[in-house]
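Data block below; observations after.
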Amino acid sequence: MKSNIRNFRDPLIWTHFLWFCNGFLYWFAQYKLLSLLVFCHAILSWCYHRSKESSDVFFLGERLFIHACIACISVHLFVECSALQISLSLLWLIGCLIVLELDNHRYGPFHVLWHVMVFLAHVLIWGFLV
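First residue of the sequence shown? That's 1 in our numbering, and the numbers climb one at a time after it.
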């Protein structure tokens, strides 16, 4: 009998730990709202993948919070960063989106790579903001 819950050893599950690290980086750098948005996104994405992508509620919640994260990050970047830093962030975002598109909703190795690239994107942006 197949389980409707993805195993904790699956990289789609444990890579969310990286995003919690991002949330703590933002929290300790005093970006509290961004930190909370990242935590909420990580939790909802974790739940969505844990359910083997079967929950529309988690999917919609995850989408809401990722868009809120992008909006919040964009404001901080445009207010606090140089044109070069903004350009590098946008290039990394494009790279992330290309990897996500390569996965094509199969939730395989490219999606795991996307999780890692999002973690690195947050580290890059955090480095620009502090």
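A virtual CB, placed ideally from N, CA and C, is assigned to each residue, including glycine. Source: prediction; values computed, not measured.
Buried or exposed, going by whether 16 or more other CB atoms sit within 10 Å of the CB of residue i?
i       : result
Glu-101 : exposed
Gly-127 : exposed
Glu-80  : exposed
Ile-125 : buried
Ala-83  : exposed
Leu-60  : exposed
Leu-25  : buried
Ser-35  : buried
Leu-90  : exposed
His-122 : buried
Leu-37  : buried
I believe residue i touches residue j by the beta-carbon criterion, under 8 Å. Please report the beta-carbon distance rounded to the nearest angstrom.
i       : j       : result
Phe-20  : Phe-39  : 7 Å
Glu-62  : Ser-45  : 5 Å
Leu-77  : Ile-66  : At roughly 16 Å, the Cβ-Cβ gap does not stay under 8 Å, so Leu-77 and Ile-66 are not in contact.
Tyr-130 : Met-117 : Looking at the sequence itself, residue 130 is Val, so the reference to Tyr does not match. So it is not a contact: roughly 20 Å between Cβ atoms.
Cys-47  : Phe-58  : 4 Å
His-41  : Cys-69  : 6 Å
Phe-119 : Asn-22  : 6 Å
Quiz item: Between the segment 106-125 and the segment 1-17, do at least 3 Cβ pairs fall closer than 8 Å?
Solution: Yes, the segment 106-125 touches the segment 1-17.
Quiz item: Enumerated in chain order, which unbroken segments of the alpha helix (DSSP H) with a length of 4 residues or greater are wholly contained in the segment 7-32?
Solution: 11-14, 16-28
Self-check item: Complete runs of the alpha helix (DSSP H) confined to the segment 78-106 [at least 4 residues]
Solution: 83-103
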